[in-house]
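Worksheet: the structure to be examined is printed underneath.
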Amino acid sequence: MKPLKYLAGYSANITEQVQTLISTHKLAELLLKKYPITHDIRTDKALYSYTVDIKNHFLRQSSPLSKVIYDDKIDVLHQALGLHTFVSRVQGGNLKAKNEIRIGSVFKTAPLGFLKMIVVHELAHIREKQHNKAFYNLCQHMEADYHQLEFDMRLYLTYLDLVGQLY
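Mind the numbering: the sequence shown is residues 1 to 167 in UniProt numbering, read in order.
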């Protein structure tokens with residue numbers, strides 16, 4: 001059986017349960033039961049608006065976002081699911097800071113919960129650069145089911161890796 005790279009940090013008990021779901025062809029059924037539909041946030045403009053709404057609700061005092069886009073070049077297998085970049089440049093006598101978020105294109109056709117989880121994750125990097133306790137507390141503040149959504153998203157990516165399109 002193929003190794004479950006998206007679940008590498010989980011216990012043997014969890015990975016065995018997932019292997020059973022895969023071998024009995026019940027992983028898709030589980031995902032579709034829990035997340036029956038995808039979202040309709042397909043364009044970069046809609047993604048920017050969605051992300052800014054979340055940011056304005058939870059991180060009002062943080063610096064503005066200059067760009068939020070789906071990125072076809074983000075390789076979910078080797079790099080990341082999303083990227084947050086912070087660039088400071090001197091323009092004249094002023095220091096200009098730009099926050100950009102790039103979300104993997106795989107999330108264009110994913111359930112809304114998975115998109116929200118990755119957006120919340122990248123927004124949390126505006127305040128907390130490292131993946132520490134404060135970072136995950138902030139993620140959970142913005143999305144109460146953050147940890148469950150992250151696990152389910154890993155199941156979804158495992159399914160995509162092994163079988164292909166779900167929706």
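All residues carry an ideal CB built from backbone N, CA and C; glycine is no exception.
Counted within 10 angstroms of its Cβ, other Cβ atoms place residue i as buried (16 or more) or exposed
i           : result
residue 116 : buried
residue 118 : buried
residue 60  : exposed
residue 104 : buried
residue 51  : buried
DSSP three-state assignment for residue i, whether helix, strand or coil
i           : result
residue 74  : coil
residue 163 : coil
residue 62  : coil
residue 29  : helix
residue 215 : Residue 215 is absent from the structure shown; the chain starts at 1 and stops at 167.
Beta carbon of residue i nearer than 8 Å to that of residue j
i           : j           : result
residue 111 : residue 41  : no
residue 74  : residue 102 : yes
residue 167 : residue 28  : no
residue 54  : residue 4   : no
residue 154 : residue 6   : yes
For residue j and residue i, believed in contact at Cβ under 8 Å, the rounded distance
i           : j          : result
residue 162 : residue 2  : 6 Å
residue 21  : residue 30 : 6 Å
Same chain, Cβ closer than 6 Å to residue i, five either side skipped, listed in chain order
i           : result
residue 140 : 146
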